[in-house]
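See below for the structure under consideration.
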Amino acid sequence: MQYELRFYYVEPGRMHDLDARMRDGLPPLLEKHGINVVGRWHALAGRATPLFIYLMAWKDDREREAHWGGFYNDPDWWALRAQTNAGSELVQHYDIQLMVPSPSWLDALQKGPAAAPGAIHELIVQPIANGQPKAAHDYLRDIALPALRRHGGSLLGSFTPQAGSHMPGLVSLIAWKDFAARQAGWEAYWQDPAIQAAHQAQRDTLGRSLLGRADTYLLQPVPYAEVHPTLGHGR
């Protein structure tokens, strides 16, 4: 499978207009063209807000190109775009990240049920130490993800970017019950003896941690569309 993560950098003061487009106008067009959106979020905090983020699941890049091609050639899209822009652009610019499921997430999907969606989500984008992707995913599977679950976090999904910045890298989506649970969870996570021992061992061996400093976005799922429990995996 392939995933497409889109970051829409919204014109200040117009998030409500973009929500109206995403809620009312776009769903029939997306369905018409077979575009499977599995998550939509408002960024509550992070780089370059106001920011709207959404995630699509594809069988492969060939399907993605064919379906977006049909969408962008549809006059109904251009009519909706003009109507909802209302004389000025809703989105100043956007970034696209193409990704595949990470080995650690695939292992987690095989072992148990999907994560509880929670009220607050977190998008974490971070580099992996060069030459160490396998060791990083082993660490995630065996140490980091069990510790995260112990302290109240749930993995919604994690992905390996196919190109772009933070290469080799990891993109993760984590769910928390609420903001207080996130605060307490991360504090307990970093004090967890298993996490502290693992990072010390990584520094002793590599001179650094396997996973580098992260760009983190605090997200809230939009109220008009649910996040798919497995992010469309296995569709």
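Under the numbering used here, read the sequence shown as residues 837 to 1071, first letter to last.
C-beta: ideal position from N, C-alpha, C; glycine also.
Since this is a predicted model, take the numbers as computed values, not measurements.
Straight-line gap, residue i to residue j (C-alpha atoms, nearest Å)
| i | j | result |
| --- | --- | --- |
| H1002 | M858 | 29 Å |
| Q919 | K868 | 19 Å |
| L976 | R1049 | 15 Å |
| A881 | T1052 | 8 Å |
| I979 | H1035 | 10 Å |
| E899 | G906 | 11 Å |
| R842 | W877 | 11 Å |
| D1028 | L1009 | 21 Å |
| E840 | Q1032 | 33 Å |
| G1000 | I932 | 9 Å |
| W914 | Q962 | 36 Å |
| N921 | R1044 | 47 Å |
| L991 | T1066 | 10 Å |
As assigned by DSSP and simplified to three states, the class of residue i
| i | result |
| --- | --- |
| T1066 | coil |
| L1009 | strand |
| Y1025 | helix |
| Q946 | helix |
| D974 | helix |
| H1035 | helix |
| P963 | strand |
| L1042 | helix |
| A1020 | helix |
Given residue i as reference, the closest of the options once Cα atoms are compared
| i | options | result |
| --- | --- | --- |
| P969 | F995, R985, P911 | F995 |
| L865 | S924, L916, P937, H1069 | L916 |
| R985 | L1009, G1021, L959, L1006 | G1021 |
| G1005 | D931, F888, S938 | S938 |
| L934 | K895, E958, A965 | K895 |
| M851 | P863, T885, G875 | T885 |
| P1057 | Y890, F843, Y844, G989 | Y890 |
| Q838 | P997, V927, Y1060, W904 | P997 |
| V874 | A893, T1041, A856 | A893 |
| N966 | E840, L1042, G849, A922 | L1042 |
| Y845 | Y930, V961, P863, Q1032 | Y930 |
| H957 | E901, F1015, W914 | F1015 |
| G993 | A944, Q1019, W1026 | A944 |
| V1063 | L854, N872, N909 | N872 |
Per DSSP, the bridge partner or partners of residue i
| i | result |
| --- | --- |
| F995 | P937, V1007 |
| E958 | I1010, L1054 |
| H929 | Y845 |
| Q838 | W894 |
| L1047 | I964 |
| S990 | A1011 |
Short CB-CB distance (under 8 Å) between residue i and chain C
| i | result |
| --- | --- |
| Q946 | In summary, chain C is missing from the structure at hand, where a single protein chain is found. |
Residue i Cβ short of 7 Å to the ligand FMN heavy atom set
| i | result |
| --- | --- |
| R857 | Of ligands this structure carries none, so the ligand FMN is not represented either. |
Item to complete: May I have a chain-ordered list of the beta strand (DSSP E) segments no shorter than 3 residues that lie completely inside the stretch 841-922?
Response: 873-881, 887-894
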